[in-house]
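Step one of this worksheet: look at the structure below.
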Amino acid sequence: MLSSSSGKYASLADADLLAALRAGDSGGFAEIYARYCYPLFTLAFHKLKSRETAEELVQDLFENLWQRRASHDIQQLKQYLFSALRYRIINHVKAQQVRAGYELYCRLHTSEADTATEDALATNELRAALLNGMCKLPAKTREIFQLSRLEQYSVAEISGQVKLSEKTVEYHLTKSLKLLRGYLREFLVLVVVGFWS
35 MLSSSSGKYA SLADADLLAA LRAGDSGGFA EIYARYCYPL FTLAFHKLKS RETAEELVQD
95 LFENLWQRRA SHDIQQLKQY LFSALRYRII NHVKAQQVRA GYELYCRLHT SEADTATEDA
155 LATNELRAAL LNGMCKLPAK TREIFQLSRL EQYSVAEISG QVKLSEKTVE YHLTKSLKLL
215 RGYLREFLVL VVVGFWS
């Protein structure tokens, strides 16, 4: 960054430099740049803690000052430059916050979607393991288990339907639960071993 004043412009007041700038005098612009670039950079760096971003914002400010030299209605040069830089810093910080918020949203949303997919797969695998275990049950035990656990019939209702005593129905239910626990335990062991391998 250019920061030293020289020549006839060094002794000019800000108002005279503004007049030179409006007239398209590049020497006047160079003096404004030399006079204010370092203090502006210092402010931006202090606020943003990034040399690259601070330089970028200051350069953008001066580029805008030169591009719009004829249309700017600047009364106080120093006040204008520092205010314009503050707005740029605020806008930059807001943009960073929006970007960070959006990235966090994307990560969380993707994470939720991944979790939902994993949960659905795990549920489907568990359901398949349960059905597979049910297929291994003896026919009468399987029928009683289905009536009790899947169709929600009471022991008395099942007893009347399958023409067995309630004690026998309870025996088949106990047997089915014990066998299914064993089948599902084998399934879970395979899942855990698969997960860690």
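Take 35 as the starting number for the sequence shown in the numbering used here and just add one per residue.
Quick reminder that beta carbons are idealized off the backbone N, C-alpha and C, glycines included.
Small disclaimer: the values here were computed from a predicted structure and weren't measured.
Report task. Write down the C-beta distance between L55 and R103 rounded to the nearest angstrom, noting that I regard them as a contact closer than 8 Å. Result -> The pair is a contact, with the Cβ atoms about 5 Å apart (cut-off 8 Å).
Query raised in the report: So T175 packs on S199, CB below 8 Å; how close in whole Å?
Result: Wrong, their Cβ atoms sit about 15 Å apart, outside the cutoff.
Requested in this report: Let me know if R69 comes out buried or exposed under the rule of 16 or more other beta-carbons within 10 Å of its beta-carbon.
Outcome: Buried, by the Cβ-count rule.
Requested in this report: State yes or no: is the C-beta of F79 nearer than 7 Å to some heavy atom of the ligand NAD?
Outcome: Among the ligands in the structure shown, none appear at all, so the ligand NAD cannot be discussed.
Requested in this report: For F11, I'd like the list of residues in its chain whose CB is within less than 8 Å of its CB, leaving aside the five on either flank, ordered along the chain.
Outcome: The structure shown has nothing for residue 11, since the chain only spans 35 to 231.
Query raised in the report: Would you call the CB atoms of V196 and E177 closer than 8 Å?
Result: By the CB criterion at 8 Å, V196 and E177 fall inside the cutoff.
Requested in this report: Give the single residue among N125, L138, E204 and S117 whose Cα lies nearest to the Cα of L181.
Outcome: Here the closest residue by C-alpha is E204.
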